[in-house]
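Colleague:
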Amino acid sequence: MKTQTILKEHILPNSFYERDDVVSIAKELLGKYVYTNFEGVWTGGKIVETEAYCGATDKACHAHLNRRTNRTQTMFLKGGVAYVYLCYGIHHLFNIVTNKQDHADAVLVRGIEPTVGIEKMMERRNMKKLQNRITAGPGCLTQALGMTTDLDKSSVSGPDIWLTDYDLVNSKKATDVEESQVIKGPRVGIDYAGEDAKLPWRFSIKDNKWVSPAK
DNA sequence: TGGCTGATGCGA
DNA sequence: CGCATCAGCCAA
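Take a look at the structure:
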């Protein structure tokens, strides 16, 4: 059966994204699978590291206090679309918009465990041997998955980006990550956010080697 | 450890 | 307009 046909059965419902608790969504995204499909080439893997950003109250969020600019308007869209932007002039960062329209919440995906299209991802990363850093870190994984700002505002339920609970390699449904296997900690690279920099809104899977090295 | 890199959003 | 600021990464 075609990959696309299989994945359609396992797309996360939009009700998953439209909830108002972005921190819970960030945690629940651990263990889910994200894939991209460009020109028929599938790449992707299991989400192992995320961070929550909340537009209404969170100083670390681009849409802090519901600030609307050209860039942040994506976050005000209804949950279930991608927010992709350029960071430090070099790296594309992939976020998943959550909550209802006009509520600017998003989850930054920081690391995945590569499973599908590893050869293609190595090629995009200009890597001759497979190394952990292929998809560890938000800038790395977008490069490996071939994501750019072109995908800003596009759906995470296909046809380019596919957020699912399905493991293509083992042909089975994803299992929820046990609470005891979830590491919580402060978010990375947001010292400017004052007290909010301490919020434990970064989630990762315990002892997973594909989590980014940032502490 | 520092250099790279460019969009973004602010104030003049 | 100019200019400081960034939700990173990598070689060394």
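Just so we're aligned: the first sequence equals residues 1220 to 1434 in the working numbering. Glycine included, C-beta positions come from ideal geometry on N, C-alpha and C. Please read these numbers as outputs of a predicted model, since none were measured by experiment.
For the stretch 1393–1405 against the stretch 1417–1426, do three or more pairs of beta-carbon atoms, one drawn from each stretch, fall closer than 8 Å, so that the two count as touching?
Modeller: yes
Colleague: Measure the C-alpha to C-alpha separation of E1342 and Q1362 and round it to an integer number of angstroms.
Modeller: 10 Å
Colleague: Which class does R1238 belong to by DSSP, given the choice of helix, strand or coil?
Modeller: coil
Colleague: Let me make sure I understand the geometry here. Which of M1366, P1432, P1419 has the alpha-carbon closest to that of Y1254?
Modeller: M1366
Colleague: Where does S1390 fall in DSSP's three states?
Modeller: Of the three classes helix, strand and coil, the one that applies to S1390 here is coil, per DSSP.
Colleague: Hey, how far is the Cα of T1269 from the Cα of L1312?
Modeller: 12 Å
Colleague: According to DSSP, is P1440 part of a helix, a strand, or is it coil?
Modeller: With the chain represented from 1220 up to 1434, any question about residue 1440 goes unanswered, as that position is not in the structure.
Colleague: Nearest-angstrom Cα distance between R1329 and S1390?
Modeller: Counting only the Cα atoms, S1390 lies some 24 Å from R1329.
Colleague: Can you give the Cα-Cα distance for I1244 and E1338, rounded to whole angstroms?
Modeller: 30 Å
Colleague: Do you know offhand how far E1237's Cα is from L1327's?
Modeller: Approximately 16 Å, taken between the alpha carbons.
Colleague: Taking just the CA atoms, how far does I1315 sit from H1281?
Modeller: 14 Å
Colleague: Residues bridged to A1301 by DSSP?
Modeller: I1315
Colleague: How would you label R1286, buried or exposed, when you count the other beta carbons within 10 angstroms and need 16 or more for buried?
Modeller: exposed
Colleague: Here's the rule: buried if 16 or more other CB atoms are within 10 angstroms of the residue's CB, otherwise exposed. What is V1388?
Modeller: By the 10 Å Cβ count, V1388 comes out exposed.
Colleague: Could you check the C-alpha separation between T1288 and T1262 for me, to the nearest Å?
Modeller: 32 Å
Colleague: Leaving aside the five residues before and after H1322 along the sequence, list all residues of the same chain whose C-beta is less than 8 Å from its C-beta, in chain order.
Modeller: D1239, G1274, A1275, F1295
Colleague: Near L1370, which residues of its chain fall below 7 Å by C-beta distance, leaving aside the five closest residues on each side in sequence?
Modeller: A1301, V1303, D1379, I1380
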